[in-house]
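The opening residue of the sequence shown carries number 0 in numbering that gives the first Met the number 0; numbering runs sequentially from there. For every residue, glycine included, the Cβ atom is placed at its ideal position computed from N, Cα and C. Keep in mind it's a predicted model, so treat the numbers as computed, not measured. What follows is one structure encoded as structure tokens, with my remarks underneath.
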Amino acid sequence: MAVTGLTKSFGNLYALRNLSFSLNKGEFLTIFGPNGAGKTTLIRILSTLTKASSGEIRIADFSFENDSEKIRRQIGVIAHQTFLYENLTAEENLRFYGRLYDVENLPKKIETLLSEVGLQLRKKDFVRTFSRGMQQRLAIARAMLHEPSILLLDEPYTGLDQHASEMLTNWLKRLRSAEQTILMVTHDLEQGMELADRIAVLVKGKLVLNQAQQEIDPKKFRQTYYDLVEKDK
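Listed below in structure tokens is the structure:
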């Protein structure tokens, strides 16, 4: 993915200001930022839910401006909103999304993913009976169903208890080991640092840091982050 000069404004209010960055195949990029930094706006644009005011985004040979339908098939999204239907079962939800994306060998794919997220025994249960953690695990299966080339995560740890958070972290580690390309936005410094290959900081719609994780001292990063946030207040 290559993002160049990305800007989003709402009238005179700028949510994103001239963002440029790249995401290489198999890379895990974590973008940190306080509330109101523009993180969710960025994810909404990258997932084609919101249009940018200006700038260019490309995934492989596809342009967001000209190939939005093809782009949607390249990305999977996990956010606080699960995009699940509560009155459908876990299996029915995945079947619905699988047909939407024309997934091949769908029954087998559903069984495999439900097993991987630990929900195979609950596949006939309605999503409304699931805990927040279980819904998030099903949302992971939904996002991975069509084998996206890029996975977008918007504050995926929000509302999860300790056990569910650990399960999500382990799942993301497995995806990282499998060289899944991932972009995660979060304000959780500990989780984000642990998982990332590269770290960026977004403050008031501007990228004020973009570095390889190995170049950053984890013990000093918290203070560095706070200094960057305070500097732009």
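- Considered as a whole, the stretch 1 to 77 harbours 1 to 9, 12 to 21, 27 to 31, 53 to 58 and 74 to 77 as its complete beta strand (DSSP E) runs of no fewer than 3 residues, in chain order.
- The stretch 25 to 45 makes contact with the stretch 175 to 182; the number of CB pairs closer than 8 angstroms reaches 3 or more.
- Nearest Cα to F82 within the set D66, K107, K108 and L48: L48.
- Here the alpha carbons of R221 and I44 stand approximately 28 angstroms from one another.
- The DSSP-derived three-state label of T81 is coil.
- In the structure shown, D226 falls within a helical segment according to DSSP collapsed to helix, strand and coil.
- In the structure shown, L167 falls within a helical segment according to DSSP collapsed to helix, strand and coil.
- When the alpha-carbon of V126 is set against those of L151, L120, Y84 and E115, the nearest one is in Y84.
- Contact check for M192 against P217 passes: the beta carbons are separated by less than 8 angstroms.
- M183 has T29 and L152 as its beta-bridge partners, per DSSP.
- Just so you know, the alpha carbons of K205 and F20 end up roughly 11 angstroms apart.
- Under the three-pair Cβ rule at 8 angstroms, the stretch 94 to 110 does not count as touching the stretch 54 to 64.
- The alpha carbon of I42 has as its nearest neighbour, out of S114, V76 and N86, the alpha carbon of V76.
- For A199, the enclosing beta strand (DSSP E) starts and ends at R197 to V202.
- Looking at the backbone, the Cα of S8 and that of S52 are separated by about 6 angstroms.
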